[in-house]
Structure formats: C-alpha cells, structure tokens
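Residue 1249 is where the sequence shown ends in the numbering used here, and the numbering goes up by one at each step.
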Amino acid sequence: RAELHVGSTTTSLHGLSSLDDKPRIFSLQKIVEVADSNMDIRPRFVWGRIWAVVSQHFTMAGCHQDVKISMYAVDSLRQLSVKFLEKDELTGFNFQLQFMEPFED
C-alpha cells in the first residue's frame, strides 16, 4: 500500500525542473511490473487481495487528466487483463470476475 501511495503522489506531481514539466509515470510502471510478476507466482487468493488494492490505483490513473498517464494506465490494465484471462479459472472461484471490476461503470 505504501508503494501505491507513492505512485498516487508521483502521478499527481509535475517534475521539479523546468526541463521535466510532464508528470512522471515511473511508479506506475513499477506497479505494472509488480502486478505482472505477482500474477504468476502468488496463489490466486493472495493475488485477489493484491489486485483489490492495485486495481483502485489503475482506475485512478486511468482517469488522470494527463492523457499520457491515463493511456499508459489503460493500456497496462488491458495487457494485464489479457494475461490474467488466459489462465484457467479454478472451480468454485470468481477471480476473473474480480479482475474485471476496474472495467465496470
């Protein structure tokens, strides 16, 4: 959750130097990397708890006023979704439904 808080702050701040006047997406990139790697190594019930937090950040970043940040977030969410939905759903679980929650509304 601390990484997500830093990511939220990073995507809302503008660079401090006059040469870097665009919001930074470094933390968003790292969250994508962490989500991607955890998708493969964590049990699904653990991944579900991780996704509950991470998906909120993707939703917020996807609605960011800077088009580059929002497009990066939406594209990353799309890529992660395709990868996750390729996995077979376990009997009696609804992880795929939970994964799709950021696309609702």
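Glycine included, every Cβ here is placed at the ideal spot set by N, Cα and C.
Distance from the Cα of Gln1242 is smallest, within the candidate group Asp1210, Val1198, Asp1219, for Val1198. Taking the Cα positions, Gln1209 is about 20 Å away from Lys1174.
Going by DSSP, Lys1227 is part of the alpha helix (DSSP H) stretching over 1211 to 1229. In its own chain, leaving out the 5 sequence neighbours on each side, no residue places its CB closer than 6 Å to the CB of Cys1207. DSSP, reduced to helix, strand and coil, places Ile1169 outside both helices and strands of the structure shown, so it counts as coil. DSSP places Met1204 inside the alpha helix (DSSP H), whose first and last residues are 1188 to 1206.
Going by C-alpha positions, Val1176 is about 17 Å away from Val1190.
Beyond the five residues adjoining it in sequence on each side, Arg1193 comes within less than 8 Å, by CB distance, of no other residue in the same chain.
At a Cβ-Cβ threshold of 8 Å, Ala1196 and Leu1224 do not count as neighbours.
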